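All residue numbers for the sequence shown refer to my numbering, where the first residue is 414 and numbers rise by one.
Glycine is no exception: its CB is placed at the ideal position from the N, C-alpha and C atoms.
Only a predicted model underlies this, so the values are computations on that prediction, with no experimental measurement involved.
Below: the structure, in structure tokens.
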Amino acid sequence: ARYNSLPSFVAGGEGDSKISDAQLGHEKTLSGLLTALAGANIIYGLGMLEMGVTFDYGQLVMDNEFAQMINYCVNGIPVNDETLSVDAIKEVGSFKDFVSRKETFEHMRSISHPKLIDRKVRDKWKAQGSKDIYQRSMEEAIKIIDTHTPYPLSDDVKAELREIVKETERHFGLDHTTPDF
């Protein structure tokens, strides 16, 4: 597709597992990362289980986070004097305290910030209900379904879509029967 300057629509982030488990996580991450590294423009498979036979909203929320992490890696992680904190290393020296340095905090903020992957210590995890990633993902999916309000299309976009539909209907000799947006 890239050789011919065409967009590619490729399966990735899929797995054979029938439930959201370690097997599925491994398969989705591996197939999603390899597809992204190969340069696919659009990768489908998010939210799917057993190779697309089943769709799961909790899995979709999880896969969204995994896709963001894959995208972060594929777009490249900057490696330069600043991100390596070369000046700070020269100033502080070997085997000294870098954790309290301003540069350390700044660079920690620039890495991925997963919402669902749990990086808390066990006591905090237990205090918050000992939920696994699937439970947290299902809660987030339900919250999204209950509260999300899509952004309305602008009048310009609505008009452009309407014109595309009308042009297609004219091309195929159809009467204008499609309702307005």
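- Contact annotation, Lys441 with Asp469: C-beta distance approximately 12 Å; criterion of less than 8 Å not satisfied.
- Within the DSSP bridge table, the entry for Ala424 names Tyr457 as partners.
- In the DSSP annotation of this structure, the continuous segment of the alpha helix (DSSP H) that includes Gln548 starts and ends at Ile546 to Thr560.
- In terms of Cβ geometry, Leu462 and Leu473 do not form a close pair [threshold 8 Å].
- By the Cβ-count criterion, Arg549 is buried, with 16 or more other Cβ atoms from all chains shown falling within 10 Å of its own Cβ.
- Taking 4 residues as the minimum length, the alpha helix (DSSP H) runs contained wholly in the stretch 479-519 are 499-505, in order along the chain.
- Spatial neighbours of Met551 in its own chain (CB-CB distance under 6 Å, excluding positions within 5 residues in sequence) are listed in chain order as Gly471.
- Contact between the stretch 560-572 and the stretch 513-521 is not established, with fewer than three Cβ pairs separated by less than 8 Å.
- Looking at the DSSP output, Phe468 shares a beta bridge with Met461.
- In the structure shown, Val570 adopts helical secondary structure according to DSSP, grouped into three states.
- Shown here, Asn417 sits in coil according to DSSP, grouped into three states, outside any helix or strand.
- Proximity of the stretch 484-501 to the stretch 576-586 falls short of the contact definition, fewer than three beta-carbon pairs being nearer than 8 Å.
- In terms of Cβ geometry, Ser444 and Leu437 do not form a close pair [threshold 8 Å].
- Around the beta carbon of Ala572, fewer than 16 other beta carbons lie within 10 angstroms, which makes this residue exposed.
- Ala449 is a Cβ neighbour of Asn484, given a cutoff of 8 Å.
- Put simply, of Ile432, Val487 and Ile455 the residue whose alpha carbon is nearest the alpha carbon of Met464 is Ile432.
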